Amino acid sequence: MELIVVCFIIAIASVMGWKAKSITKVGAIAAFIVGLLIYLGFSYQGLFLLGCFFCSSSFFSKYQNKRKRIAADILEKGEQRDIIQVFANGGVPAFLGFIYSFGFISQQTALVCFCISLAAANADTWASEIGTMSKKEPRLLLTMKKVPRGTSGAVSMLGTTAAIGGALFIAFISYLLFSLSLVWVVYIALFGFLGNLLDTIIGQTVQVKYKCTYCGKITEKQNHCNFKGVKISKYSFLNNDAVNFLSIILATALGFLFS
27 MELIVVCFII AIASVMGWKA KSITKVGAIA AFIVGLLIYL GFSYQGLFLL
77 GCFFCSSSFF SKYQNKRKRI AADILEKGEQ RDIIQVFANG GVPAFLGFIY
127 SFGFISQQTA LVCFCISLAA ANADTWASEI GTMSKKEPRL LLTMKKVPRG
177 TSGAVSMLGT TAAIGGALFI AFISYLLFSL SLVWVVYIAL FGFLGNLLDT
227 IIGQTVQVKY KCTYCGKITE KQNHCNFKGV KISKYSFLNN DAVNFLSIIL
277 ATALGFLFS
């Protein structure tokens, strides 16, 4: 009976996200699956932590959209999350919930890794959404070259501060929900921020980018100005969703190893 009630709550939350245009219809189905797997492993506390990530990231995705128009012209996808984005950000937490529910991993390890995965996802989302509102042009992390706002691999003081805030936010909520020690709170925040840092490095080095054949702008979009863009590096092969997923996996794996 309890599981039926939980499924109903998750379904309502997913539909509300779709109605609010924070997520696509198919993305809402994916969100239901992610939510259910997280509940199986981490109960209501895990669901609440997932909700904190989703609500805060959705808020900042919609916040001051007019100031983000330049970045939106570069980014591959908009503010409404699709099924790929849902699994890119929620796939690792959902997987951890699934394997913990079957006893394949210890409680402490599963819990810390779960919190790190959401902290990494939140840090990257806050950095991307808030960082694009920076008044100063960001710089590529590895070369310090100035680039337009929204460019993958670029950092700004505002975006970096937002990433730290996003990781700390999840770490602090984890502390309240799971009665973790302050040492673990710092640990989760540290590896959550590391996830954002890894995302930035991978985004600059191997994330696929295209040059518009009409206006010459470098974007994540293969089609820009109604023209097919030219891939600017033969070594780039990951899109933004794949980069997000990979950075969360790496941050979580490193958190697991050092724990």
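In this note's numbering, the protein residues as written are 27 to 285. The beta-carbon is built from N, C-alpha and C at its ideal position, and this holds for glycine as well. In this text, all values refer to a predicted model and were calculated from it rather than measured experimentally.
When the five nearest sequence neighbours on each side are left out, the beta carbons in the same chain lying within less than 6 Å of the beta carbon of Glu155 are those of Phe86 and Ser87, in order along the chain. Three or more pairs of CB atoms, one per stretch, sit closer than 8 Å, so the region 146 to 153 contacts the region 268 to 285. DSSP, reduced to helix, strand and coil, places Ile36 within a helical segment of the structure shown.
Residue state for Val181 is assigned as strand, using DSSP reduced to three classes. Beta-bridge partners assigned by DSSP to Arg165: Lys172 and Val181. Per DSSP, Asp150 is one residue of the alpha helix (DSSP H) stretching across Gln133 to Gly157. Where Ser127 is concerned, the enclosing alpha helix (DSSP H) starts and stops at Ile109 to Ser127. In the three-state reduction of the DSSP assignment, Gln233 falls in the strand class.
Lys47 and Gly61 have their C-alpha atoms spaced approximately 18 Å apart. The three-state reading of DSSP puts Asn249 in strand, counting E and B together. Annotated as proximal: Asn270 and Ala114, with beta-carbon spacing under 8 Å. Of the residues Lys254, Gly43 and Lys235, the one whose Cα lies closest to the Cα of Phe263 is Lys235.
The beta carbons of Ile190 and Ser200 sit no closer together than 8 Å. In chain order, Val52, Gly53 and Ala56 place their CB closer than 6 Å to the CB of Ile109, counting only its own chain and leaving out the 5 sequence neighbours on each side. Rounded to the nearest angstrom, the gap between the Cα atoms of Cys141 and Tyr240 is 44 Å. Assigned with DSSP and collapsed to three states, Leu264 falls in strand. Taking a 10 Å sphere around the C-beta of Phe284, we find fewer than 16 other C-beta atoms and assign the residue as exposed. Within its own chain, the residues whose Cβ lies closer than 6 Å to the Cβ of Gly185, once the five positions on either side in sequence are excluded, are Ala153 and Gly157, listed in chain order.
Pairing Phe130 with Ala197, the inter-Cα distance amounts to about 24 Å. A residue is called buried when at least 16 other Cβ atoms come within 10 angstroms of its Cβ; Gln134 does not meet this threshold and is exposed. The Cβ atoms of Ser143 and Val118 lie closer than 8 Å to each other.
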